[in-house]
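Engineer:
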Amino acid sequence: FTDIYQFCRRIDLRKTNKRVLDSLIRAGALDGLGSTRASMMAVLPNAVQLADQDAKNQAAGIDDLFGFDGGSLTQSATEIPVLPEWDDDTRLGGEKETLGLYLTGHPIDQYLDELKLFISTRIAKIRPEKGRNIIISGLIIAIRTMNTKRGDKIAFITLDDKSARVEIALFTEAYAQFGGMLAKDRLVVVEGEASIDDYSGSNRMQASFVTDIDGARERYAKKLQLNLTQESGSELLAKLRSTIEPYCEGITPIHIEYQNRGATAQLKLGDDWHIRPAEQLMQRLRQLLGDENVLLDYGKRSSN
Numbered sequence: 020f021t022d023i024y025q026f027c028r029r030i031d032l033r034k035t036n037k038r039v040l041d042s043l044i045r046a047g048a049l050d051g052l053g054s055t056r057a058s059m060m061a062v063l064p065n066a067v068q069l070a071d072q073d074a075k076n077q078a079a080g081i082d083d084l085f086g087f088d089g090g091s092l093t094q095s096a097t098e099i100p101v102l103p104e105w106d107d108d109t110r111l112g113g114e115k116e117t118l119g120l121y122l123t124g125h126p127i128d129q130y131l132d133e134l135k136l137f138i139s140t141r142i143a144k145i146r147p148e149k150g151r152n153i154i155i156s157g158l159i160i161a162i163r164t165m166n167t168k169r170g171d172k173i174a175f176i177t178l179d180d181k182s183a184r185v186e187i188a189l190f191t192e193a194y195a196q197f198g199g200m201l202a203k204d205r206l207v208v209v210e211g212e213a214s215i216d217d218y219s220g221s222n223r224m225q226a227s228f229v230t231d232i233d234g235a236r237e238r239y240a241k242k243l244q245l246n247l248t249q250e251s252g253s254e255l256l257a258k259l260r261s262t263i264e265p266y267c268e269g270i271t272p273i274h275i276e277y278q279n280r281g282a283t284a285q286l287k288l289g290d291d292w293h294i295r296p297a298e299q300l301m302q303r304l305r306q307l308l309g310d311e312n313v314l315l316d317y318g319k320r321s322s323n
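Under my numbering, residue 323 is the last one in the sequence shown; the count climbs by one each step, no gaps.
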C-alpha cells in the first residue's frame, strides 16, 4: 500500500469500519504507509468516504470516478497534509488504549533526563536502609485499596519506571493526604522509606509523600532559568509575559540570563513572578524560546 487512501480502497469497508481504522492508526499498525499518525487521522474521514464511494461506483459499473488510478483529481482529492507526529503522551496513550501496552516507548522516557536531577535512584537500584528516605518516580500500573479493621482506607500501588517495579504502601495518613493523586497510568514521584519484604524478599516502600510531575517540579526545582539575547525584541518579550502571567501563583523564582555581543547579565524577577512550573507552561516556553533556553535548575547534577 502506498498511502492511507489506497489502503482504504483495497480493504472491505463492510467488514472494517472507520472505528477499526482509527484504532489501527493509533496502535501504530499503519505507520508503514509513510505518513505520521496525525496526518492519517486528519484525512481518515475523507479516505473512508472516497473509498466507500469508489466501491459503490465499481458495483454500479462506474470505473474510477474519483481518479484513484491517476489524473489531477487524485492529487487534490487524496492529498495528505504533512503534519508533525503526535506528542509522546498522545502517541503512547493511543497505543495503550488500543493494544493494552506501550509499543514505541514508555511514558517516563520524555522525563528521564529531568527526573535524574532530583530522584535518589531508579527502582532497579533501590538499596533499602532503615531510617533513610528515598525519592523515586514511575508509572502507576496497579492500585489496590482496602479498609483496615478501624475502617481507615489504605492503598498499595505498583510503580514501574522501565528499570523495574516496586510495590508502595500508602497507609492511613498518607492515603488521606495523597489518595487523590492515585490513578492508573499516571506518572508520579514518591518519597518514602524502602525495606525488604520478609515474604517475597523483594523491595517494597512506604510512602510519605506523593505528587505528579508538576508538583515535583515545584517541590524540588530551585529556579526556572530563561536565556534571552539581544535579538529578543519587544514582541517576544510581550509574548513571554503573557505566557508566564497565568502561572504566577507558585514558589519557583524566575532567573533571566541576557546576552549580547559584549556582555552577559543575570536578572532575578520579583516575588510576584514566582511561578508554578506546570507542564503546559514549560511546553509553551520551549516553543517560544527553544528547548535549550528554558531550564529548570534543581541545584545538582544527575548521578543516577
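Positions of the beta carbon are idealized from the N, C-alpha and C atoms, including for glycine.
Taking DSSP as the reference, what is the three-state secondary structure of S91?
Structural biologist: Here residue 91 refers to the residue found at position 72 when the sequence shown is read from its first residue. Any reading at S91 must be qualified, since the residue scores a pLDDT of 40, below 50, and its modelled position is unreliable; the value itself is stated next. Residue state, collapsed to three classes: helix.
Engineer: Is A284 buried or exposed, if buried means 16 or more other CB atoms sit within 10 Å of its CB?
Structural biologist: Locating residue 284 in the sequence shown gives position 265, counting from the first residue. Looking at its Cβ environment, which holds fewer than 16 other Cβ atoms inside 10 Å, A284 is exposed.
Engineer: Less than 7 Å between C-beta atoms, sequence neighbours within five positions excluded: which residues of the same chain meet that for D22?
Structural biologist: Counting from one through the sequence shown, the residue named residue 22 turns up at place 3. Excluding residues within five positions, the ones whose Cβ falls inside 7 Å are L52, G53, S54 and I99.
Engineer: Determine which residues share a DSSP beta bridge with T271 and list them.
Structural biologist: Translated into the one-based positions of the sequence shown, residue 271 becomes position 252. In the DSSP output, where bridge partners are listed per residue, T271 has I294.
Engineer: From S42, I275 and P296, pick the residue whose C-alpha is nearest to that of K287; which is it?
Structural biologist: By 1-based counting over the sequence shown, the position of residue 287 is 268. With distances taken between Cα atoms, K287 lies closest to I275.
Engineer: Taking just the CA atoms, how far does A48 sit from K168?
Structural biologist: For the purposes of this step, residue 168 is taken as the residue at position 149 of the sequence shown. For the purposes of this step, residue 48 is taken as the residue at position 29 of the sequence shown. About 49 Å.
Engineer: In this structure, how does DSSP classify L84 when only helix, strand and coil are distinguished?
Structural biologist: One-based indexing of the sequence shown puts residue 84 at position 65. Low confidence applies here, because L84 scores a pLDDT of 48, under 50, leaving its location unreliable and the question unanswered by this model.
Engineer: Can you check the stretch 100–170 for any beta strand (DSSP E) of at least 3 residues that lies completely inside it and give the ranges in chain order?
Structural biologist: Complete beta strand (DSSP E) runs here, min 3: 152–166.
Engineer: Among the residues of its own chain, which have a CB less than 8 Å from the CB of D231, if the five just before and after it don't count?
Structural biologist: Here residue 231 corresponds to residue number 212 of the sequence shown, with the count starting at 1. For D231, where only same-chain residues beyond five positions count, the Cβ hits under 8 Å are M200, R205, L206, V207 and V208.
Engineer: Cα-Cα, which of Q278, P265 and T35 is closest to L300?
Structural biologist: The count along the sequence shown starts at 1 and reaches residue 300 at position 281. Closest by alpha carbon: P265.
Engineer: Counting Cβ pairs, one atom from each stretch, are 3 or more of them under 8 Å apart for the stretch 28–45 and the stretch 53–68?
Structural biologist: Touching, yes.
Engineer: For A283, write down the residues that DSSP places opposite it in a beta bridge.
Structural biologist: The sequence position of residue 283 within the sequence shown is 264, counting from 1. Sequence inspection shows Thr at residue 283; the Ala mentioned does not correspond to that position. DSSP output for T283 lists Q278 as bridge partner(s).
Engineer: Does the distance from the CB of I142 to the CB of G157 come in under 8 Å?
Structural biologist: Working through the sequence shown from its first residue, we reach residue 142 at position 123. Working through the sequence shown from its first residue, we reach residue 157 at position 138. Yes. Within cutoff.
Engineer: Use the C-beta contact count for D73: other C-beta atoms within 10 angstroms, 16 or more gives buried, fewer gives exposed.
Structural biologist: As a first step, residue 73 must be located in the sequence shown, where it is residue number 54. When all chains shown are included, D73 counts as buried.
Engineer: Rounded to whole angstroms, what's the CA-CA distance from Y239 to Y317? Just pull it up for me.
Structural biologist: Numbered from its first residue, the sequence shown carries residue 239 at position 220. Numbered from its first residue, the sequence shown carries residue 317 at position 298. Cα-Cα distance, rounded: 6 Å.
Engineer: Helix, strand or coil for G211? Go by DSSP, reduced to three states.
Structural biologist: Counted from its first residue, the sequence shown places residue 211 at position 192. G211 falls in the strand class under three-state DSSP.
Engineer: Restricting to Cα atoms, I'd like to know which of L256, Y24, P296 and E192 is closest to I273.
Structural biologist: Against the sequence shown, residue 273 aligns to sequence position 254. Residue P296 is the option with its Cα nearest to I273.
Engineer: Among residues of its own chain, excluding the 5 on either side of R223, which ones have a beta-carbon nearer than 8 Å to its beta-carbon?
Structural biologist: Your numbering for residue 223 matches position 204 in the sequence shown. The residues are V185, E186, I187, A188, A213, S214, I215 and D216.
Engineer: Measuring CA to CA, which of F137, S227 and E133 is closest to A193?
Structural biologist: Counted from its first residue, the sequence shown places residue 193 at position 174. Nearest option by C-alpha distance: S227.
Engineer: Whose C-beta lies closer than 8 Å to the C-beta of S182 among residues of the same chain, with five residues either side of it excluded?
Structural biologist: Within the sequence shown, the letter at position 163 stands for residue 182. Around S182: R141, I142, A143 and K144.
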